[in-house]
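Peer 1: Take this structure, written in structure tokens, and hold onto it; I'll ask about it next.
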Amino acid sequence: MTKNTRQEPGRRRGGGKEQLAPREAFAAARSALSLAWRSAPAHVTGLVAVAVAVAVVPVGVAWLTRLLLDRLTGASQAALLGPALGLGLLGLVAALLPHLSQYLGARLNRAAGMRAVDRLFTVVNSFAGLARFEDPRFQDRLRMAQSAGSQTVGHVVETGLRIAGGALGVIGFVVALFVISPVMTALVAAAAVPALVAELRLSRRRAKSAWRISSAQRREFFYQSLLSSLDAAKEIRLFAAGDFFKGRMLGERRTADVERRLVESRELVTQSGLALLGALVSGGGLVWAVLAARRGELTAGDVSLFVAAVVGVQGALSGLVGSLADGHHQLLLLNHYVAVLEAGPDLGPPADDVLLDRLPALSRGIELRDVWFRYGDDQPWVLRGVTLFIPRGVSVALVGHNGAGKSTLVKLLCRFYDPTQGEILWDGVDIRRVPVRELRRRLGAVFQDYMNYDLTAGENIAVGDVRALDDPARLSTAAREAGVHDVLAKLPHRYDTMLSRVFAADGDDDAGALLSGGQWQRLALARAFLRRNPDLLILDEPSSGLDAEAEYDIHLRLGRYRAGRTSLLISHRLGAVRDADRIVVLADGRVSEEGSHAELLDQAGTYARLFTVQADGYQP
Numbered sequence: 001m002t003k004n005t006r007q008e009p010g011r012r013r014g015g016g017k018e019q020l021a022p023r024e025a026f027a028a029a030r031s032a033l034s035l036a037w038r039s040a041p042a043h044v045t046g047l048v049a050v051a052v053a054v055a056v057v058p059v060g061v062a063w064l065t066r067l068l069l070d071r072l073t074g075a076s077q078a079a080l081l082g083p084a085l086g087l088g089l090l091g092l093v094a095a096l097l098p099h100l101s102q103y104l105g106a107r108l109n110r111a112a113g114m115r116a117v118d119r120l121f122t123v124v125n126s127f128a129g130l131a132r133f134e135d136p137r138f139q140d141r142l143r144m145a146q147s148a149g150s151q152t153v154g155h156v157v158e159t160g161l162r163i164a165g166g167a168l169g170v171i172g173f174v175v176a177l178f179v180i181s182p183v184m185t186a187l188v189a190a191a192a193v194p195a196l197v198a199e200l201r202l203s204r205r206r207a208k209s210a211w212r213i214s215s216a217q218r219r220e221f222f223y224q225s226l227l228s229s230l231d232a233a234k235e236i237r238l239f240a241a242g243d244f245f246k247g248r249m250l251g252e253r254r255t256a257d258v259e260r261r262l263v264e265s266r267e268l269v270t271q272s273g274l275a276l277l278g279a280l281v282s283g284g285g286l287v288w289a290v291l292a293a294r295r296g297e298l299t300a301g302d303v304s305l306f307v308a309a310v311v312g313v314q315g316a317l318s319g320l321v322g323s324l325a326d327g328h329h330q331l332l333l334l335n336h337y338v339a340v341l342e343a344g345p346d347l348g349p350p351a352d353d354v355l356l357d358r359l360p361a362l363s364r365g366i367e368l369r370d371v372w373f374r375y376g377d378d379q380p381w382v383l384r385g386v387t388l389f390i391p392r393g394v395s396v397a398l399v400g401h402n403g404a405g406k407s408t409l410v411k412l413l414c415r416f417y418d419p420t421q422g423e424i425l426w427d428g429v430d431i432r433r434v435p436v437r438e439l440r441r442r443l444g445a446v447f448q449d450y451m452n453y454d455l456t457a458g459e460n461i462a463v464g465d466v467r468a469l470d471d472p473a474r475l476s477t478a479a480r481e482a483g484v485h486d487v488l489a490k491l492p493h494r495y496d497t498m499l500s501r502v503f504a505a506d507g508d509d510d511a512g513a514l515l516s517g518g519q520w521q522r523l524a525l526a527r528a529f530l531r532r533n534p535d536l537l538i539l540d541e542p543s544s545g546l547d548a549e550a551e552y553d554i555h556l557r558l559g560r561y562r563a564g565r566t567s568l569l570i571s572h573r574l575g576a577v578r579d580a581d582r583i584v585v586l587a588d589g590r591v592s593e594e595g596s597h598a599e600l601l602d603q604a605g606t607y608a609r610l611f612t613v614q615a616d617g618y619q620p
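Below, the structure written as structure tokens:
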């Protein structure tokens, strides 16, 4: 659970692909088959055997029925026994196959889904920056990739086997039908062509529709989560905004439902036409067979085989066409999964530079050299040629108006983004030449928009260094340094108390505990204190929202923790930054002033004006 409910997602719609090139379809199918085989080879093998049996059994039943009918007159009891027993055995197999297929498919889907989700989030965790997570189109693709990864991989394999089995069944019935009448064989096969074309078009329309409504579904989910969120509950009820957000939610749902109705109407018309065509072909074929039998051209067994073959070919072709359309739709969805897997790194090294394996301990300092940055080519510049040096062991404070670029500069130091122009140097080494994990291992940070996790108190702290999960002493030490240990020690289960009621079961008396905003803020501070010796400590508004006494206490603790460390402090409370070794003022994305508190007051510039305004608020 975040500290604040996120703002409504943007309404921009991204274009998606409704068709797959053969290469893309092959890549998606190969990825699904590889995942399925690695996850459950025995179940894949079993499904192959089942698919073959499903195709062969109806054909065998048709031939044995023909044989039995032709032997009914004039044959001995022993001659009838073999076909009868064969039909009974095939009937038993036919009855068992659906259950076996369902069992094997369920096992395969679970195993493949587990491996697919593992691979997907391994790739997602490898995205070092934030840009992709802020892109609505990528969010839509990621959501569809999650669905495809957890549900579609196994289904693609099952559908592929149904297609193969359907083709095998069609071949078997076509052979049987050809024995009776080559002309009727050609007629039945020709009638299947429009069905194939129509079903594939419906499949593309379904995929196109799913992509078009994905943004509306995402916004609908946002409004649903907003209406059920504890964080938003106070304001929504105080301002009576519930009906407003409910209206927005239902509006997005209606938008999606309109698109769904269009697809459903097209499916109804198309499939009704195909059903009529199939009925005409099978009915006409049956009339021909009956007349041919009356003329003595066909036996009773031939008529039975003909009827079974026509119905079998139509059924197998219908199933084959449906499986092809379903498979096409699934491959379209799976293509989103493959696209995320193949997205590649979002942050790369500078051109023609050699990557380093490790980052040496900071010895001189960190330099921003002519750094320019904007969040997109169509966005305004946030930083405009910032040049700044943060010496080792020095506490630097960053101040300025809202929107001056302070938090953006912190994101660049953490390498959530790379500068659009310019470079950031760590003892003269461009940080893009160093693995992101290696850089961040040297940083400690408290962000203004810190997270409140639906975890236990101890786990909330241990997020700062998960190796501390099994080290209660480290957790309590960090909590003491942040001034929150006494609060946690009084909880029902101390550090093992769940700080959320989201997962509480009905009738559970131990539903978890809730902390105040200031207590959560100290918990976030304890999270940062887990890192004992960071080379750079970043504090982005670490005391915002606290009362005066709590703020004073936090800054005393931070002062002790920062002593002798390289640190960067951002705060609008200028009284909290006056003790920094150096104060840097950002204005319009540029460094406008730099110096100590006293020096900047003497300059009578932006800092002096802001400090005076704040100080006047405390004077009689």
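Residue numbers 1 to 620, in our numbering, belong to the letters of the sequence shown in order. For each residue, glycine too, the CB sits at the ideal point set by N, CA and C.
1) If you run the structure through DSSP and keep just helix, strand and coil, what is Glu-158?
2) Between Asp-471 and the rest of its own chain, which residues show a CB-CB distance below 8 Å, the 5 nearest in sequence each way excluded?
3) DSSP beta-bridge partners for Ile-424?
4) What number of angstroms, rounded off, separates the C-alpha of Ala-275 from the C-alpha of Leu-161?
5) Per the DSSP calculation, Gly-46 is bridged to which residue(s)?
6) On the DSSP letters alone, give me the boundaries of the beta strand (DSSP E) that Asp-540 sits inside.
7) Can the beta-carbon of Gly-312 be found less than 7 Å from the beta-carbon of Phe-173?
8) Could you tell me if Gly-283 is buried or exposed, where buried requires 16 or more neighbouring beta carbons within 10 angstroms of its beta carbon?
9) Whole-angstrom Cβ separation of Ala-27 and Val-338, contact assumed at under 8 Å?
10) When the Cβ atoms of the region 410–426 are set against those of the region 369–379, are three or more pairs found closer than 8 Å?
11) Per DSSP, which one or two residues make a beta bridge with Pro-391?
12) Excluding the 5 residues preceding and the 5 following Ala-576 in the sequence, name in chain order all residues of the same chain whose CB lies nearer than 6 Å to its CB.
13) So for Ser-31, helix, strand or coil by DSSP?
14) How many angstroms separate the CA atom of Ser-228 from the CA atom of Glu-220?
15) Ignore the nearest five residues each way along the sequence and tell me which others in Ser-304's own chain have a CB closer than 6 Å to its CB.
16) Can you tell me the Cα-Cα spacing of Asp-465 and Val-429, whole angstroms?
17) What does Thr-456 pair with, by DSSP beta-bridge criteria?
18) CA-CA distance, Val-93 and Ala-25?
19) Helix, strand or coil for Phe-373 per DSSP?
20) By how many angstroms is the C-alpha of Val-585 removed from the C-alpha of Val-382?
21) Less than 7 Å between the beta carbons of Val-263 and Arg-205, yes or no?
22) Return yes when the Cβ of Val-613 is within less than 7 Å of the Cβ of Pro-542, no when it is not.
23) Do you know offhand how far Asp-535's Cα is from Ala-240's?
24) Return the CA-CA distance between Ala-40 and Leu-334, expressed in angstroms with no decimal places.
25) For Val-577, which of helix, strand or coil comes out of DSSP?
26) If we count the other Cβ atoms within 10 Å of its Cβ and call it buried at 16 or more, is Ala-598 buried or exposed?
27) How is Glu-481 classed by DSSP in three states: helix, strand or coil?
28) Decide if Asp-506 is buried, meaning its Cβ has at least 16 other Cβ atoms within 10 Å, or exposed.
29) Output the residue ranges of the alpha helix (DSSP H) runs that lie fully inside the region 275–343 and measure 4 residues or longer, sorted by chain position.
30) If we ignore side chains and look at the alpha-carbon of each, how far apart do Val-399 and Asn-109 end up?
31) Identify which residue in Leu-362, Ala-468, Ile-461 and Asp-231 has its Cα closest to the Cα of Gly-517.
32) Which residue comes first and which comes last in the beta strand (DSSP E) that contains Arg-582?
33) Please state the DSSP three-state secondary structure of Ser-567.
34) Identify the residues that DSSP records as bridge partners of Glu-594: which are they?
Peer 2: Once the coordinates are examined:
1) Reduced to three states, the DSSP call for Glu-158 is helix.
2) Correct list: empty, nothing qualifies.
3) Ile-424 is bridged to Leu-368.
4) Cα-Cα distance, rounded: 25 Å.
5) The partner list for Gly-46 (beta bridge, DSSP) is empty, contrary to what the question assumes.
6) Per DSSP, Asp-540 belongs to the beta strand (DSSP E) from 536–540.
7) Yes, they are a contact pair.
8) Exposed.
9) Indeed they touch by this definition, with Cβ atoms about 6 Å apart.
10) Counting Cβ pairs under 8 Å, three or more are found: they touch.
11) Pro-391 is bridged by DSSP to Gly-365.
12) Closer than 6 Å at Cβ, skipping near neighbours: His-555.
13) Assigned with DSSP and collapsed to three states, Ser-31 falls in helix.
14) Per the coordinates, the alpha-carbon of Ser-228 lies some 13 Å from the alpha-carbon of Glu-220.
15) For Ser-304, where only same-chain residues beyond five positions count, the Cβ hits under 6 Å are Thr-65, Arg-66 and Leu-69.
16) Cα to Cα, the separation comes out at about 26 Å.
17) Paired residues: Met-498.
18) When the Cα atoms are used, Val-93 and Ala-25 turn out to be separated by approximately 34 Å.
19) The answer is strand: DSSP assigns Phe-373 an E or B state.
20) Straight-line Cα distance between these residues: approximately 15 Å.
21) The answer is yes: Cβ separation under 7 Å.
22) A distance of 7 Å or more separates the beta carbons of Pro-542 and Val-613.
23) Between Asp-535 and Ala-240, the C-alpha separation is close to 48 Å.
24) Near 19 Å, if we compare the C-alpha coordinates of Leu-334 and Ala-40.
25) Val-577: coil per DSSP, three-state reduction.
26) Result: exposed.
27) Reduced to three states, the DSSP call for Glu-481 is helix.
28) Unreliable positioning characterises Asp-506 in this predicted model, as indicated by a pLDDT of 48, which lies under 50. A coordinate reading is not provided.
29) Restricted to the region 275–343, the alpha helix (DSSP H) segments that are unbroken, complete and at least 4 residues in length are 300–341, listed in chain order.
30) As the crow flies, the alpha-carbon of Val-399 is around 54 Å from that of Asn-109.
31) The shortest Cα separation from Gly-517 among Leu-362, Ala-468, Ile-461 and Asp-231 belongs to Asp-231.
32) Per DSSP, Arg-582 belongs to the beta strand (DSSP E) from 582–587.
33) Strand.
34) Glu-594 has Val-584 as its beta-bridge partners, per DSSP.
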